[in-house]
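Participant: So in the working numbering, the last spot in the sequence shown is 148, and the numbers never skip.
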Amino acid sequence: MLFTISNEFKHGKRYDDALHYLDRALNIRETHLPSTYDQIARRINGIGLIHDEQEKYNEARQYYQRALDITEKFNASAYDDIAVLLSNISLTFQRQGDYVKAFNFRNRSLKIRETHLSSNHLQIADGLNELGHILLAQKKIRPSSLFL
């Protein structure tokens with residue numbers, strides 16, 4: 001319920017209220033349901049998303065990394081969650097102009113998806129597209145070369 005309330009505040013751009021309810025939800029899970037690692041990681045990722053929307057990229061990245069650490073430690077088979085968290089981290093670096101780190105995290109995300117999905121899956125195409133955007137931002141490729 002607290003997570004749902006938090007989402008409503010987030011969509012209304014009432015970020016402080018959203019963080020308040022999400023922090024409460026996270027605290028309850030960590031205190032009373034510590035074995036629900038996947039839900040704890042999702043709440044932590046949610047806090048990161050709120051910071052991301054506020055353009056607080058360093059804070060967002062800390063939460064994404066924490067969620068990634070938990071997911072990799074306790075639920076390493078959740079490849080899609082891991083790939084999403086890596087993509088989220090990549091976006092924070094990309095928005096701050098650190099394209100090398102952005103590329104590396106996006107590439108890790110893509111490699112995970114390539115291992116688990118068919119080569120023509122939409123998420124593979126999206127990952128390749130995002131890598132292209134990073135290379136364009138670095139001026140390592142020209143837009144016209146994409147059509148050759």
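Don't be surprised by glycine CBs; every beta carbon is placed ideally from N, CA and C.
Determine, using beta carbons only, whether G59 and Y15 come nearer to each other than 8 Å.
Facilitator: Position 59 of the sequence shown, counting from 1, holds the residue named residue 59. Position 15 of the sequence shown, counting from 1, holds the residue named residue 15. It is Glu, not Gly, that sits at residue 59 in the sequence shown. Annotated as distal: E59 and Y15, with beta-carbon spacing of 8 Å or more.
Participant: The alpha helix (DSSP H) spanning H20 covers which residue range?
Facilitator: As a working mapping, residue 20 is identified with position 20 in the sequence shown. Run containing H20: 15-32, per the alpha helix (DSSP H) assignment.
Participant: When you compare each of L49, H121, H11, D80 to L91 by their alpha carbons, which one comes out closest?
Facilitator: The sequence position of residue 91 within the sequence shown is 91, counting from 1. It is L49.
Participant: Going along the chain, which residues of its own chain have a beta-carbon closer than 6 Å to the beta-carbon of A41, five neighbours each way excluded?
Facilitator: In the sequence shown, residue 41 corresponds to position 41, counting from 1. Correct list, in chain order: A67, I70, T71.
Participant: Ignore the nearest five residues each way along the sequence and tell me which others in Q123's own chain have a CB closer than 7 Å to its CB.
Facilitator: For the purposes of this step, residue 123 is taken as residue 123 along the sequence shown, with counting starting at 1. Answer for Q123: R113, L117, listed in chain order.
Participant: Below 6 Å CB to CB, which residues in the same chain sit around Y21 once its five sequence neighbours on both sides are set aside?
Facilitator: Residue numbering aside, residue 21 sits at position 21 when the sequence shown is read from its first letter. Around Y21: L2, I5, S6.
Participant: Do you know offhand how far I47's Cα is from N120's?
Facilitator: Counting from 1 along the sequence shown, the entry for residue 47 is found at position 47. Counting from 1 along the sequence shown, the entry for residue 120 is found at position 120. Those two C-alpha atoms are separated by around 32 Å.
Participant: Going by the beta-carbon positions, is the gap between R106 and L136 smaller than 8 Å?
Facilitator: Working through the sequence shown from its first residue, we reach residue 106 at position 106. Working through the sequence shown from its first residue, we reach residue 136 at position 136. No; because the gap between Cβ atoms is not below 8 Å, this pair is not in contact.
Participant: List the endpoints of the continuous alpha helix (DSSP H) containing S118.
Facilitator: Against the sequence shown, residue 118 aligns to sequence position 118. Careful: S118 lies outside any alpha helix (DSSP H) and carries neither H nor E.
Participant: Measure the Cβ-Cβ separation of I44 and Y63 and say whether it is below 8 Å.
Facilitator: Looking up residue 44 in the sequence shown gives position 44. Looking up residue 63 in the sequence shown gives position 63. A contact, by the Cβ cut-off of 8 Å.
Participant: Pick helix, strand or coil for D81, following the three-state DSSP scheme.
Facilitator: The residue given as residue 81 occupies position 81 in the sequence shown. It is helical.
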